[in-house]
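Student: Have a look at the structure that comes next, please.
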Amino acid sequence: MSERSTFSPFWHRVRVLRPRLRPHVQITRQHYRGRRWHVVHDPSSNQFFRLNVVAHEFVGLLDGRRTVEEVWQDSLTRHGDGALTQNEVIQLLSQLFAGNLLSADIPPETEQLLSRGKERVGQRVKQQAIGLMYFRVRLFNPDALLAWIEPVMRPLLNRWGFMAWAALVAAALVSLLPHWETLISGVDSAVSPDNLFLMGVVFVATKLWHELGHGVICKRLGGQVPEFGAMLLVLVPSPYVDATAAWAFKSKWQRMAVGAGGMIFELFLAAIAAFVWLQTPEGSTLHQVAYNVLFLSSVATVVFNANPLMRFDGYYILSDWLEVPNLAHRSNQMLKFLFQKHVYRVRGAVPPTGVLSEAVILLVYGVAAMAYRMFLFVSITLYVMGKMFALGLFLAVWTAATWFIMPVGGFAHWLATSPHLAHRRGRALLTSLALIGVALLLVGVIPAPDRRRAVGVLEPVHRATLYSAADGFVARAHVRPGQRVKKGDAIVTMESDRLVAERRHAVAQLQEAESKRDASVARNIAESQVASDYCRTLREHVDLIDQRLAGLTIVAPHDGVVVTNDPATLVGAFLEEGSPICEIVDDRALRVTAVLTQPESSWIVTEPYTVEGRLMSGPRDTFTCIKDRVLVAGTRELPHPSVGHAGGGPIEIDRQEQSGLLAKGEVFRGYFFPAGDEATPGPGLVLDGRGRPGERVSLRFELSSKPLLVQWTDRLRKTLQGRAKV
Numbered sequence: 032m033s034e035r036s037t038f039s040p041f042w043h044r045v046r047v048l049r050p051r052l053r054p055h056v057q058i059t060r061q062h063y064r065g066r067r068w069h070v071v072h073d074p075s076s077n078q079f080f081r082l083n084v085v086a087h088e089f090v091g092l093l094d095g096r097r098t099v100e101e102v103w104q105d106s107l108t109r110h111g112d113g114a115l116t117q118n119e120v121i122q123l124l125s126q127l128f129a130g131n132l133l134s135a136d137i138p139p140e141t142e143q144l145l146s147r148g149k150e151r152v153g154q155r156v157k158q159q160a161i162g163l164m165y166f167r168v169r170l171f172n173p174d175a176l177l178a179w180i181e182p183v184m185r186p187l188l189n190r191w192g193f194m195a196w197a198a199l200v201a202a203a204l205v206s207l208l209p210h211w212e213t214l215i216s217g218v219d220s221a222v223s224p225d226n227l228f229l230m231g232v233v234f235v236a237t238k239l240w241h242e243l244g245h246g247v248i249c250k251r252l253g254g255q256v257p258e259f260g261a262m263l264l265v266l267v268p269s270p271y272v273d274a275t276a277a278w279a280f281k282s283k284w285q286r287m288a289v290g291a292g293g294m295i296f297e298l299f300l301a302a303i304a305a306f307v308w309l310q311t312p313e314g315s316t317l318h319q320v321a322y323n324v325l326f327l328s329s330v331a332t333v334v335f336n337a338n339p340l341m342r343f344d345g346y347y348i349l350s351d352w353l354e355v356p357n358l359a360h361r362s363n364q365m366l367k368f369l370f371q372k373h374v375y376r377v378r379g380a381v382p383p384t385g386v387l388s389e390a391v392i393l394l395v396y397g398v399a400a401m402a403y404r405m406f407l408f409v410s411i412t413l414y415v416m417g418k419m420f421a422l423g424l425f426l427a428v429w430t431a432a433t434w435f436i437m438p439v440g441g442f443a444h445w446l447a448t449s450p451h452l453a454h455r456r457g458r459a460l461l462t463s464l465a466l467i468g469v470a471l472l473l474v475g476v477i478p479a480p481d482r483r484r485a486v487g488v489l490e491p492v493h494r495a496t497l498y499s500a501a502d503g504f505v506a507r508a509h510v511r512p513g514q515r516v517k518k519g520d521a522i523v524t525m526e527s528d529r530l531v532a533e534r535r536h537a538v539a540q541l542q543e544a545e546s547k548r549d550a551s552v553a554r555n556i557a558e559s560q561v562a563s564d565y566c567r568t569l570r571e572h573v574d575l576i577d578q579r580l581a582g583l584t585i586v587a588p589h590d591g592v593v594v595t596n597d598p599a600t601l602v603g604a605f606l607e608e609g610s611p612i613c614e615i616v617d618d619r620a621l622r623v624t625a626v627l628t629q630p631e632s633s634w635i636v637t638e639p640y641t642v643e644g645r646l647m648s649g650p651r652d653t654f655t656c657i658k659d660r661v662l663v664a665g666t667r668e669l670p671h672p673s674v675g676h677a678g679g680g681p682i683e684i685d686r687q688e689q690s691g692l693l694a695k696g697e698v699f700r701g702y703f704f705p706a707g708d709e710a711t712p713g714p715g716l717v718l719d720g721r722g723r724p725g726e727r728v729s730l731r732f733e734l735s736s737k738p739l740l741v742q743w744t745d746r747l748r749k750t751l752q753g754r755a756k757v
């Protein structure tokens, strides 16, 4: 993949050295991807180094009498083009010296050892200082304790024990499936402030059990576990054990077993907790503890520990399975090599591997891990800001400094001091400035399309719920659900003997009053006037009863389809005034109701935009929408369950409310009409028979173009405002 330069300008500094391996160093033979390798282990510092056949032979010839020059010349004679180059020899010696695996006659050995020890301590302190999210403190050596526990667990640490474990986990999953909704709804109570202390205690206990799994399996397979300690995992205290002795195991399946040991132990604990949770009454402390154990030992361990893009268990399992040791570091080296070779044209750049398949793995993993690091940084920072803004802001600044600013400083140092750029440093500086300029031009100057997305739901423009106009019995039903009706069509006919009797009584009163009025005309004008007013009141009462009698025939207020209740089931039933009967929905005239969360909503009122909709039932077809109106006031009520989590939508709902129509936070609504032939909004617009009321719609809003940096800054500001609730 790269041209190897045989000679190095720094060779004179090492050629006369007579180093040798220290007597306590252990070497184990392993096979990776069909090739033989040798793992060099220093038990005193628990450092591991991997050597290929040529490098192992080279190190083996360093006996304290031969010089580095003599050994290199001998290696050239033996291996020709396959021998180590002078640069590779210098790199190998520097790594072995840094790991305290080699000794030399000058300077004195004791001074070298103290110097290297100080360097190692200083490097560890530096890593701890910048790695705030993964801060570690060693506590004691647990090897003797594990040597006492391992024989007790030995009868279960075999293939039969694994099969029993798999059966137990499968049985727990089958038992939990009928209670899945209850299980999911318990997450809110698990992370509530009232449960945080109990959750913290359970977390530490389950992680102790997790680390016991790593340690016991490592001990079972012949490894040593020299260190137990505590670390801050994203500011959360957690125990750990040093099971790196597994790196020296010959079988990759043994190394993978040690890596998976913690998850195996935790899933066993989760299975037991599942049965306890199912058997204990809701609301009891034991029930909540069992749920905490189940949640932490299943979801948490799978999401975090099994994730190969983080340097936890899943990473080491993947590394052993692919037979690519030191996957993360070598992936970074591969990205650096490609950047140096293809951007800066560095001729002496050395790839971390010469095998094409391994190079592809390193490249893919490096890109994926870099993208995931960005996602992890943003998601964790925003989550912490939502809970504790000041702490989240401090974490964001610190992590940005360690993950982004310091690498930029390292790049600047490489640009200024790298010997590979000695004869082309000016060109490298111009290349860097050009890249920075192009990046700033693309991100900060050139306008780019600004597209925002939201979810919506199809709603009928006309939707009416029909209610009984008076107390009465349903005599006849004229329609059934799904039947199309026109405005004025009868839906149900009701009967009310009470209203009929009231009308007869009112008519009789009216007739009597009119007779008295006619008789009073000749006697007294004032009395006649009072009688006339009384007759008018009685006539209005009769008209009101006639209106209520006419209202016993419920008619459709507009064209549409009968939905919800079946009126036929109400025949013979007594309905009180105001009782619902059914709904009439005009499914031929629809509108789109968009739902936006609070941090995303300001632009929908203040900026011009165009809107494009896409039905979930027809993702290939789009239609243009025209704004009708936007509600500037927030609400927690959703227009339809399909836009919430329960209906498959993106809006988080309040799990305490069973209807699925109550959002967890405030949302904003906008109403849009699908554009008709004349591209004007109106109640008669249709989607050519596509879409049904309640169907979810994906909306894309295209705002005026602006530079990406402006867009990102605006979205970040809105998100921070939402998290900080300002």
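For the sequence shown, counting from 1, position 226 maps to 257 in this note's numbering; every step adds exactly one.
Even for Gly, the Cβ is constructed at its ideal location relative to N, Cα and C.
With 16 other CB atoms within 10 Å as the buried threshold, where does valine 45 fall?
Tutor: Position 14 of the sequence shown, counted from the start, is the residue given in the question as residue 45. It counts as buried.
Student: Near alanine 203, what residues of its chain come up, given a Cβ to Cβ distance below 6 Å and the 5 sequence neighbours on each side ignored?
Tutor: Numbered from its first residue, the sequence shown carries residue 203 at position 172. Here the set comprises Ala302 and Ala305.
Student: Taking arginine 251 as the reference, give the member of Leu229, Ala236 and Gln285 with the closest Cα.
Tutor: Within the sequence shown, numbered from 1, the residue matching residue 251 stands at position 220. Here the closest residue by C-alpha is Gln285.
Student: Would you check if the stretch 588-599 and the stretch 509-524 touch, i.e. whether three or more CB-CB distances between them fall below 8 Å?
Tutor: Counting Cβ pairs under 8 Å, three or more are found: they touch.
Student: Would you call the CB atoms of glycine 379 and asparagine 118 closer than 8 Å?
Tutor: Counted from its first residue, the sequence shown places residue 379 at position 348. Counted from its first residue, the sequence shown places residue 118 at position 87. The answer is yes: Cβ separation under 8 Å.
Student: Using C-beta distances below 7 Å, list every residue in its chain close to isoleucine 477, excluding the 5 sequence neighbours before and after it, in chain order.
Tutor: Counted from its first residue, the sequence shown places residue 477 at position 446. Taken in chain order, the residues that qualify are Pro738.
Student: Between valine 741 and glycine 691, what straight-line distance do the alpha-carbon atoms span, to the nearest angstrom?
Tutor: Along the sequence shown, read from residue 1 onward, the residue named residue 741 stands at position 710. Along the sequence shown, read from residue 1 onward, the residue named residue 691 stands at position 660. Computed Cα separation, rounded: 36 Å.
Student: Verify whether the separation of the beta carbon atoms of leucine 394 and proline 383 is less than 8 Å.
Tutor: In the sequence shown, residue 394 corresponds to position 363, counting from 1. In the sequence shown, residue 383 corresponds to position 352, counting from 1. Cβ atoms of leucine 394 and proline 383: not closer than 8 Å.
Student: Short of 7 Å in beta carbon distance, which residues of its chain neighbour serine 563, apart from the five on each side in sequence? Order them along the chain.
Tutor: Reading the sequence shown from its first residue, position 532 is the one you call residue 563. Excluding positions up to five away in sequence, the list reads Arg548.
Student: With a CB to CB cut of under 8 Å and the five nearest residues on each side skipped, what residues in its chain are close to tryptophan 352?
Tutor: Counted from its first residue, the sequence shown places residue 352 at position 321. Taken in chain order, the residues that qualify are Lys283 and Met287.
Student: Starting from the N-terminal side, write out each stretch of the alpha helix (DSSP H) that is 4 residues or longer and does not extend beyond the stretch 543-591.
Tutor: 556-581, all fully within the stretch 543-591.
Student: Starting from the Cα of valine 84, find the closest Cα among Ser559, Gly65 and Val320 and give me that residue.
Tutor: Locating residue 84 in the sequence shown gives position 53, where the first residue counts as 1. Looking at the Cα atoms, Gly65 is the closest of the given residues.
Student: Tell me, please, whether the stretch 553-560 touches the stretch 614-623 by the rule of three or more beta-carbon pairs shorter than 8 Å.
Tutor: Not touching, per the Cβ criterion.
Student: Given this structure, state the Cα-to-Cα distance separating leucine 229 from valine 428, to the nearest angstrom.
Tutor: Locating residue 229 in the sequence shown gives position 198, counting from the first residue. Locating residue 428 in the sequence shown gives position 397, counting from the first residue. If you take the alpha carbons of leucine 229 and valine 428, they lie about 30 Å apart.
Student: I believe alanine 485 touches leucine 730 by the beta-carbon criterion, under 8 Å. Please report the beta-carbon distance rounded to the nearest angstrom.
Tutor: Translated into the one-based positions of the sequence shown, residue 485 becomes position 454. Translated into the one-based positions of the sequence shown, residue 730 becomes position 699. Confirmed, about 5 Å.
Student: Go through its chain and collect everything with a Cβ distance to glycine 603's Cβ below 7 Å, but skip five positions before and after it.
Tutor: To locate residue 603, count along the sequence shown from 1; it is residue 572. So the list reads Phe504 and Val505, once near-sequence residues are dropped.
Student: Note the first and the last residue of the continuous alpha helix (DSSP H) segment covering histidine 676.
Tutor: Looking up residue 676 in the sequence shown gives position 645. Looking at the DSSP string, histidine 676 is not in any alpha helix (DSSP H), and its letter there is neither H nor E.
Student: Between the C-alpha atoms of isoleucine 137 and alanine 114, what's the straight-line distance to the nearest angstrom?
Tutor: The residue given as residue 137 occupies position 106 in the sequence shown. The residue given as residue 114 occupies position 83 in the sequence shown. Unreliable placement is indicated for isoleucine 137, whose pLDDT of 48 sits below 50; the coordinate value is still reported in the next sentence. Near 27 Å, if we compare the C-alpha coordinates of alanine 114 and isoleucine 137.
Student: Check whether the stretch 567-580 touches the stretch 532-548, counting contact only when three or more Cβ pairs, one atom from each stretch, lie closer than 8 Å.
Tutor: Counting Cβ pairs under 8 Å, three or more are found: they touch.
Student: Go through the stretch 274-330 residue by residue and report every complete run of the alpha helix (DSSP H) that reaches 4 residues or more, in order.
Tutor: Within the stretch 274-330, the complete alpha helix (DSSP H) runs of at least 4 residues are 283-310 and 316-325.
Student: Does the stretch 576-583 come into contact with the stretch 481-501, if we say contact requires no fewer than three beta-carbon pairs (one atom in each stretch) closer than 8 Å?
Tutor: These segments touch.
Student: Can you tell me which of the three DSSP states glutamine 514 falls into?
Tutor: Here residue 514 refers to the residue found at position 483 when the sequence shown is read from its first residue. Glutamine 514: coil per DSSP, three-state reduction.
Student: Smallest Cα separation from histidine 318: which of Leu214, Asn336, Arg81 and Thr655?
Tutor: Within the sequence shown, residue 318 is the residue found at index 287, counting from 1. Of Leu214, Asn336, Arg81 and Thr655, the residue nearest in Cα terms is Leu214.
Student: Would isoleucine 58 and valine 47 be called neighbours here (beta carbons separated by less than 8 Å)?
Tutor: As a position in the sequence shown, residue 58 is number 27, starting the count at 1. As a position in the sequence shown, residue 47 is number 16, starting the count at 1. Cβ distance not < 8 Å, so isoleucine 58 and valine 47 don't count as in contact.
Student: In angstroms, rounded to a whole number, what distance separates the CA positions of valine 661 and proline 611?
Tutor: Looking up residue 661 in the sequence shown gives position 630. Looking up residue 611 in the sequence shown gives position 580. For valine 661 and proline 611, the distance between alpha carbons rounds to 30 Å.
Student: Identify whether proline 480 lies in helix, strand or coil by the three-state DSSP scheme.
Tutor: Residue 480 sits at position 449 when you count from the first residue of the sequence shown. In the structure shown, proline 480 sits in a strand (DSSP, three-state: E or B).
Student: Between which residues of its own chain and proline 139 is the CB-CB distance below 7 Å, once the five residues before and five after are set aside?
Tutor: Position 108 of the sequence shown, counted from the start, is the residue given in the question as residue 139. The predicted position of proline 139 is uncertain, since its pLDDT is 44 and thus under 50; a value taken from the coordinates is nonetheless stated next. So no residue of the chain qualifies.
Student: Let's test the definition: count the other Cβ atoms within 10 Å of the Cβ of methionine 294 and tell me whether it reaches 16, buried, or not, exposed.
Tutor: Residue 294 sits at position 263 when you count from the first residue of the sequence shown. Classification of methionine 294: buried, given that the 10 Å Cβ count is 16 or more.
Student: So the beta strand (DSSP E) histidine 72 belongs to, where does it begin and stop?
Tutor: The residue given as residue 72 occupies position 41 in the sequence shown. Residues 66-73.
Student: So, phenylalanine 703 versus leucine 627, is the Cβ gap smaller than 8 Å?
Tutor: In the sequence shown, residue 703 corresponds to position 672, counting from 1. In the sequence shown, residue 627 corresponds to position 596, counting from 1. No, these two residues do not count as a Cβ contact at 8 Å.
Student: DSSP three-state label for alanine 604, please.
Tutor: Start at 1 with the first residue of the sequence shown, and residue 604 comes out as number 573. Three-state DSSP puts alanine 604 in coil, outside helix and strand.
Student: In angstroms, rounded to a whole number, what distance separates the CA positions of leucine 327 and tryptophan 196?
Tutor: If you number the sequence shown from 1, residue 327 lands on position 296. If you number the sequence shown from 1, residue 196 lands on position 165. Taking the straight line joining both Cα atoms gives about 18 Å.
Student: Could you check which residue in Ala277, Glu258, Leu82 and Glu526 has the C-alpha nearest to that of leucine 127?
Tutor: Numbered from its first residue, the sequence shown carries residue 127 at position 96. Leucine 127 has its Cα closest to that of Leu82, out of Ala277, Glu258, Leu82 and Glu526.
Student: Could you compute how far the alpha carbon of leucine 716 sits from the alpha carbon of serine 527?
Tutor: Position 685 of the sequence shown, counted from the start, is the residue given in the question as residue 716. Position 496 of the sequence shown, counted from the start, is the residue given in the question as residue 527. Because the pLDDT at leucine 716 is just 49, under 50, the model does not fix this residue reliably, and the value given afterwards should be weighed accordingly. Near 41 Å, if we compare the C-alpha coordinates of serine 527 and leucine 716.
Student: If you drop the 5 nearest sequence neighbours on each side, which residues of the same chain put their C-beta closer than 7 Å to that of aspartate 105?
Tutor: Mapped onto the sequence shown, residue 105 falls at position 74. Around aspartate 105: Leu92.
Student: What residues match up with alanine 508 in a beta bridge as DSSP calls it?
Tutor: Numbered from 1 along the sequence shown, position 477 holds the residue referred to as residue 508. Beta-bridge pairing links alanine 508 to Val523.
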